[in-house]
Amino acid sequence: MRIATWNVNSVRQRMDGLQAWLKERQPDIVCLQEIKCTDDAFPREAIEELGYNVAVHGQKTWNGVALLSKLPFEEVAPGLIGDNADAQARFLEAIVSTQSGVLRVVSLYLPNGNGSEDKYAYKLNWMDRLIQFSHERLKLEEPMLLAGDYNVIPTPLDARRPEAWVNDALFLPPTRARFRALTNLGFTDAIRAVSDEPDLYTFWDYQAGAYQKNDGIRIDHVMLSPQAADKLVDAGIDAHVRGWDKPSDHVPVYVDLAIEAR
DNA sequence: ATGACAGGCGGGGCCTGA
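Counted the way my numbering counts, the first sequence spans residues 292 to 553.
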């Protein structure tokens, strides 16, 4: 099975590229972030025509996550535990049934955290909630993927110019410590499981020719539970998509697991 | 040091993003 994640930066603006990429990469499950629309406004039919079931957790204007799956959803649950008053649509969990049992998938859009102390506090709190959620789900001992835009540069190897990010919420020590906490719980960063190469990026700013200079950062991640990591065959980044017309500033990341869909 | 792009909203520029 192939599972992918992509921050599309508005799904309605990205339909041509999304449809082209789905046909090219042929993922079985896709986690989308920053769809920037309500559930009603999501272009559901065009994606269903390509053979996907669609689950959406959207909101007006900002944020919003979705899941696309060629297998039917057994369960779908929006929202991250730990704060019932959190109105930002950043988390969508689902279960599908495969030939060898259940597969649990989360599409997540972790807060950026720049701009104010309140925003950084929200980011760190959201990460603490994600760690708590992950700790609880690990007890199920299921193959599970936490995939999405983490807004975390895990190490200096994950930025072309790490010195430019030292005071940024994406790279500050408390941010990186919480990301490490996920790996310490037992999660595997799929890309780093298959490559120690530098210059593996998933985001290039629209400004100042960042993509042409390969001035990128790796902030979109697929984290695998032990039972999913045991099935890991390959992982990759579709960086070429950043060169398409009307691109998102993020590109897709995918993993191949040795699990038969059905 | 600053601005540079892009999208949403809504019909102005402003806010947000990373």
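Think of the CB as a built atom: it goes at the ideal place given N, C-alpha and C, for glycine as much as any other residue.
Identify the continuous beta strand (DSSP E) that holds residue i and give its terminal residues.
{"i": "Q324", "result": "I320 to Q324"}
{"i": "N344", "result": "N344 to H348"}
{"i": "D511", "result": "D511 to L515"}
Express the C-alpha separation of residue j and residue i in angstroms, rounding to a whole number.
{"i": "V356", "j": "D487", "result": "29 angstroms"}
{"i": "R483", "j": "C328", "result": "32 angstroms"}
{"i": "K522", "j": "R451", "result": "30 angstroms"}
{"i": "K361", "j": "L461", "result": "33 angstroms"}
{"i": "W417", "j": "S425", "result": "12 angstroms"}
{"i": "G406", "j": "Q317", "result": "37 angstroms"}
{"i": "D440", "j": "L473", "result": "15 angstroms"}
{"i": "Q310", "j": "E340", "result": "10 angstroms"}
{"i": "L359", "j": "L399", "result": "13 angstroms"}
{"i": "Y411", "j": "K504", "result": "29 angstroms"}
{"i": "I510", "j": "P517", "result": "21 angstroms"}
{"i": "W495", "j": "R533", "result": "8 angstroms"}
{"i": "L421", "j": "A499", "result": "34 angstroms"}
{"i": "E454", "j": "K537", "result": "29 angstroms"}
{"i": "L323", "j": "D540", "result": "13 angstroms"}
{"i": "A376", "j": "K414", "result": "15 angstroms"}
{"i": "E408", "j": "P445", "result": "21 angstroms"}
{"i": "I528", "j": "A481", "result": "11 angstroms"}
{"i": "S391", "j": "D459", "result": "42 angstroms"}
{"i": "R471", "j": "I508", "result": "17 angstroms"}
{"i": "R303", "j": "T352", "result": "12 angstroms"}
In this structure, what does DSSP give as the bridge partners for residue i?
{"i": "Y400", "result": "D440"}
{"i": "E366", "result": "I386"}
{"i": "L358", "result": "C322 and A346"}
{"i": "R533", "result": "Its beta-bridge partners do not exist; DSSP assigns none."}
{"i": "L394", "result": "V387"}
{"i": "G479", "result": "Inspection of the sequence shows that residue 479 is occupied by Thr rather than by Gly. DSSP, once it has assigned bridges, lists L515 as partnering T479."}
{"i": "L548", "result": "L523"}
{"i": "T296", "result": "C322 and V544"}
{"i": "G507", "result": "W495"}
{"i": "I372", "result": "The partner list for I372 (beta bridge, DSSP) is empty, contrary to what the question assumes."}
Please check the pair residue i and residue j, which I expect to be a contact at CB under 8 angstroms, by giving their CB distance rounded to whole angstroms.
{"i": "R293", "j": "Y545", "result": "6 angstroms"}
{"i": "G370", "j": "F382", "result": "6 angstroms"}
{"i": "I326", "j": "V299", "result": "7 angstroms"}
{"i": "A530", "j": "Y492", "result": "7 angstroms"}
{"i": "F333", "j": "G349", "result": "6 angstroms"}
{"i": "L436", "j": "A368", "result": "15 angstroms between Cβ atoms; not a contact."}
Just reading off the alpha helix (DSSP H) that residue i is part of, what are its end residues?
{"i": "Q310", "result": "M306 to R316"}
{"i": "R335", "result": "R335 to E339"}
Every unbroken alpha helix (DSSP H) within the region 405-474, with a cutoff of 4 residues, ordered by chain: 408-429
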